[in-house]
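Below is one structure, written out as structure tokens; the observations come after it.
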Amino acid sequence: MSTVSTARNRLLALCIGLTCGAALAAPSVPGLNLKPWAEQTPGVTGLGFVPAGTGADRLLASEREGLLLVDEQGRQLARFKGSFNGLDSRAAGGQLLVASLDNQRQQALLVSLDPASRTWGQPLYLPTRDYPVNGLCLYRDEASNLFLFLVGEEGKGEQWLVGHGAQLSAEPQRVRGLPLPPEAKFCQVDDAAQQLLVNEQNVGWWAYPAHAEADTARQPVALRAPFGDIRKSAGAMARVPGGVLGLDPKAAQLHLYQQQEKGWVAQATLPLAGLKEPENIALRASDKGLQVLLRDDEDGRLYQGQLNWQATPVALPPVLPTVQAAAQSEPVGRQGDAADDPAIWVHPQQPSLSRVLGTNKKQGLLAYDLQGKLLQELAVGRLNNVDVRPNFQLGERRVDLAVASNRDRNSLSLFAIDRASGELSEAGEVPTPLKEIYGICLFQPASGEIYAIANDKDGTFVQYRLSAPGGTAQGELVRRFKVASQPEGCVADDQRQRLFLGEEDVGVWAVDARPEQPATLHSVIKVGGLLQADVEGLALYQSNARDYLVISSQGNDSYLVLDAEPPFASHGAFRVSLNARAGIDGASETDGLEVTSANLGGPWSQGLLVVQDGRKRMPEQTQNFKFVPWAEVTQALKLP
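This is the structure in structure tokens:
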């Protein structure tokens, strides 16, 4: 095919308005002309369409006229008085939620609009920020939480929780700060792809994960020449299904990009003939294609057109069901990657007095009540993983036992738990030959003795029979075996004498937990699909009805539930999302977890799941542990 034919076909696919015929007649000079639209509205700073399903009207933000609902001809239908800059909107039931910046108060706000009655509601204002806010955009996540991103000067950005479902919050809650480009002014969010798009005027457009629990990594969508195809500047954007339409205001061009699995691909550059300095853009899908609105900052005129382009559907990650934490622990007392692995001690007489133990791998062992209040802090060193078993003979005393892997001394740290009060005390140390001790779990067969099974980063496992004659902790090495790469999480099924262990980049294995048996590996599940490396914490939910293996799939911030017996059938995965009502953020980048089926009362009557939270937000603090009612997991995954 000739170069001229290729250019002609591309132009045909991207034709806008009724002027394409002229452009096709002269393919050597491709152009794009938009029709002027509507009467002159002074001071327009933002454009938008009402979302699909709520009508054909449009939205305008004006620093002189306020927030306006107008019809297709630009006639004013409803007005919210004030001076505003920029806007974004989301449907909320039969209502529309509109976000903008109030110039007079210098605050971001949200206000509801009833498109049917054409009436505005009462505004919800975010607190005044300590930096100038340049732009904003809305985002609704898979759990129907509504967020507002603020784009500020000097690279400052924030994410705020502002509503749930169709309701605005009584008070907005700051979720997190995020570093943005210093020249950012515009942003847009693709809710389905959970992507935040932000401009950097003299560099290009960037994509960030939008989810409240996401890391702040970014990926370039397109860059300015000579590193990309943006001629002069990266300005406002509009979301295209499967892509983005970006505006180069200084070159008066539109750039169309298609999202693909590993990046973004340029589809076309569309010249905006007749426009001097296009500033704002809005887009909405319709039966006829994609409707486009543009504003020229040179004379303030508004234009409209039609973009006839069909995006290739982009494969999106599966939408997983979500659960919410009903409580959370106090943040740990060290910065950075500190909290790691929890264990649950069940009080033998009063389950409501049970405790959650947690390791701080920069400090020691922590003990919390079931509301997350810190009760004890044992600063014994860098403890990584911890596990608990009842009925250990410590000299003349009968205690419950907690054992943790101590990375300072490559040893096992033992702790006695008073069976009446739940008080913890140090109970000795067992040295190991491991060079980099990592994970640990306990095994207690019907005969009652307790074994500690610890692993090294090089894949080595060692199994010790624990005892404490005369009150001094001892460990007898009874077995040693190895996996090919780095493990960490493990859990023992005492009833079936089976040990589950996680090889972080490979999957989960099952071996016989008895020390006299060979450690033959049997695959339970491999990394791929719902299970994404790293494989981290493992725990067993065991009841009279059914036993489940719970796995921390750290690579996609989720938790996988399998039958704990062969063939280890999967029941799916879930995520822990934020609890807007309780003001508890979600959980992500989880290392260790633990679960019990014991009735601990209150929300824990069907059991308790505890997960480490690697990114503590709302507010941003040091890491902690989230307490999730098992009843929520049962409901989310429809467990039998």
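Read in order, the letters of the sequence shown correspond to residues -25 to -1, 1 to 615 in mature numbering (1 follows the signal peptide of the UniProt record, and there is no 0).
C-beta: ideal position from N, C-alpha, C; glycine also.
Remember, predicted model here, so these are calculated numbers, not experimental data.
So is residue i buried or exposed if we call it buried at 16+ other beta carbons inside 10 Å?
i           : result
residue 682 : With the chain represented from -25 up to 615, any question about residue 682 goes unanswered, as that position is not in the structure.
Arg556      : exposed
Ala1        : At Ala1 the pLDDT is 29, less than 50, meaning the model places this residue with poor confidence; the figure from the coordinates comes in the next sentence. Exposed.
Thr571      : buried
Val294      : exposed
Arg80       : exposed
Thr20       : buried
residue 618 : A question about residue 618 goes unanswered here, because the residues of the chain that appear run from -25 up to 615.
Thr103      : exposed
Tyr106      : exposed
Leu72       : buried
Asn599      : buried
Gly558      : exposed
residue 635 : Here the chain has residues from -25 to 615 only, and residue 635 is not among them.
Thr191      : exposed
Arg33       : buried
Ala83       : buried
Leu247      : buried
Asn60       : buried
Ala301      : buried
Asp262      : exposed
Do you know offhand how far residue i's Cα is from residue j's?
i      : j      : result
Phe202 : Leu172 : 19 angstroms
Gln51  : Asn78  : 21 angstroms
Phe543 : Asn430 : 24 angstroms
Asp566 : Val586 : 8 angstroms
Asn494 : Arg455 : The displayed chain sequence assigns Ala, not Asn, to residue 494. Their backbone Cα atoms lie some 9 angstroms apart in a straight line.
Thr297 : Asn283 : 37 angstroms
Ala313 : Glu607 : 27 angstroms
Pro156 : Gly110 : 13 angstroms
Pro420 : Asp487 : 12 angstroms
Gln15  : Gly275 : 8 angstroms
Ser64  : Val164 : 11 angstroms
Ala485 : Leu387 : 23 angstroms
Leu376 : Tyr439 : 14 angstroms
Gln234 : Leu265 : 17 angstroms
Val502 : Pro541 : 18 angstroms
Leu222 : Ala243 : 12 angstroms
Leu220 : Leu231 : 5 angstroms
Val525 : Ser518 : 14 angstroms
Glu479 : Asp588 : 18 angstroms
Pro604 : Ala227 : 55 angstroms
Leu369 : Leu584 : 29 angstroms
First and last residue of the beta strand (DSSP E) that includes residue i?
i           : result
residue 638 : Since the first and last residues shown for the chain are -25 and 615, residue 638 lies out of range.
Glu352      : Leu349 to Leu353
Trp484      : Gly482 to Asp487
Met212      : Met212 to Val215
Asn385      : Careful: Asn385 lies outside any beta strand (DSSP E) and carries neither H nor E.
Gly152      : Gln142 to Gly152
Phe418      : Ile412 to Phe418
Asp538      : Ser533 to Asp538
Leu476      : Arg473 to Glu478
Gln134      : Gly132 to His139
Tyr278      : Leu277 to Leu282
With a Cβ-Cβ cutoff of 8 angstroms, do residue i and residue j count as a contact?
i      : j      : result
Ala213 : Leu258 : yes
Asp362 : Thr334 : no
Glu560 : Ala182 : Note that residue 560 corresponds to Asp in the displayed sequence, not to Glu. No, these two residues do not count as a Cβ contact at 8 angstroms.
Gly576 : Ser327 : yes
Trp239 : Ala290 : no
Val108 : Met593 : no
Gly339 : Ala318 : no
Ser527 : Leu568 : yes
Pro306 : Gln596 : yes
Tyr516 : Asp538 : no
Leu88  : Ala53  : yes
Ala448 : Val499 : no
Lys10  : Gly249 : no
Gly434 : Val458 : yes
Quick one: measure Cβ to Cβ for residue i and residue j, integer angstroms, because I've assumed they're closer than 8 angstroms.
i           : j      : result
Ser144      : Gly138 : 5 angstroms
Leu113      : Leu121 : 7 angstroms
residue 619 : Leu506 : Residue coverage of the chain in this structure runs from -25 to 615, which leaves residue 619 outside it and unanswerable.
Ala391      : Ala402 : 4 angstroms
residue 618 : Pro224 : Because the chain spans -25 through 615 in this model, residue 618 falls outside it and cannot be assessed.
Pro365      : Gly414 : Rounded, the Cβ-Cβ distance is 21 angstroms, inconsistent with contact.
Leu417      : Ala342 : Wrong, their Cβ atoms sit about 17 angstroms apart, outside the cutoff.
Ala159      : Glu146 : That belief does not hold up - the Cβ atoms of Ala159 and Glu146 are roughly 26 angstroms apart, past 8 angstroms.
Leu268      : Trp579 : That pair is no contact at about 52 angstroms.
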